[in-house]
Amino acid sequence: MFKLNLLNIRSDFAKRHYFFSPVEGENETRDFNNDNEVGGNKKKGNVINPILHLSNEAINKMKEINVKYQNSKALKVSVEAGGCSGFQYFFSLINKKDIKEKDIIVYDKECVVIIDKQASEILRNCKIHYTNNLISKKFTIENIQNLSSKCSCGNSFDIIF
1 MFKLNLLNIR SDFAKRHYFF SPVEGENETR DFNNDNEVGG NKKKGNVINP
51 ILHLSNEAIN KMKEINVKYQ NSKALKVSVE AGGCSGFQYF FSLINKKDIK
101 EKDIIVYDKE CVVIIDKQAS EILRNCKIHY TNNLISKKFT IENIQNLSSK
151 CSCGNSFDII F
């Protein structure tokens, strides 16, 4: 069994890192930013709501990408105004060395997902899924909270504020 720990380092960079791993069949995130001790492997900190999760299919696809690119790529998720319904999301592969200071970094198993602060509020508790069928091969986002409508394309959506 492998336990999830959020980096216990006092820096702005560390405050943007979220680690997910199975703990007794569940994903758990621990926030160590306000903890008094530094280092160690003790299970401490407050359990916080994870920003997002990856499905097994998405994890497997990211592992495949990691093998192809020698573990140098991260999946970036962004949300912008536009599309048929109000917002649309985009996925891109970026070099890990190009991660920006303002980005939020989510680790799920060996996968690295980058989201910007604005998208993090819209994507909170969502699941990234990978679809591979006759029509398309793509990452998608499921379980968008406060969803009011979704376009048939699957990339465009609107939420209730």
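Counting in full-length UniProt numbering, the sequence shown runs from 1 upward without gaps. Quick reminder that beta carbons are idealized off the backbone N, C-alpha and C, glycines included.
Anticipated Cβ contact below 8 Å, Phe90 with Ser78, distance rounded: 5 Å
Beta strand (DSSP E) segments (min. 3 residues) lying fully within the UniProt domain "Core" (52-155): Runs found: 52-54, 73-82, 86-95, 104-108, 111-115, 126-132, 137-142 and 147-150.
CB of Lys73 within 9 Å of CB of Lys96, strictly: yes
Contacts around Ala58, its chain only, beta-carbon distance under 7 Å, and the 5 residues preceding and following it disregarded: Ile128, His129, Tyr130 and Phe139
Spatial distance of Lys61 from Leu134 (CA atoms): 17 Å
For Ser136 and Ile94, the rounded distance between their alpha carbons: Rounded to the nearest angstrom, the gap between the Cα atoms of Ile94 and Ser136 is 21 Å.
Exposure of Ala119, with buried meaning 16 or more beta-carbon neighbours within 10 Å: buried
Cα-Cα separation, Ser55 to Lys102: 25 Å
Ile115 to Ile141 span [Cα, whole Å]: 13 Å
Straight-line Cα distance separating His53 from Asn71: Straight-line Cα distance between these residues: approximately 20 Å.
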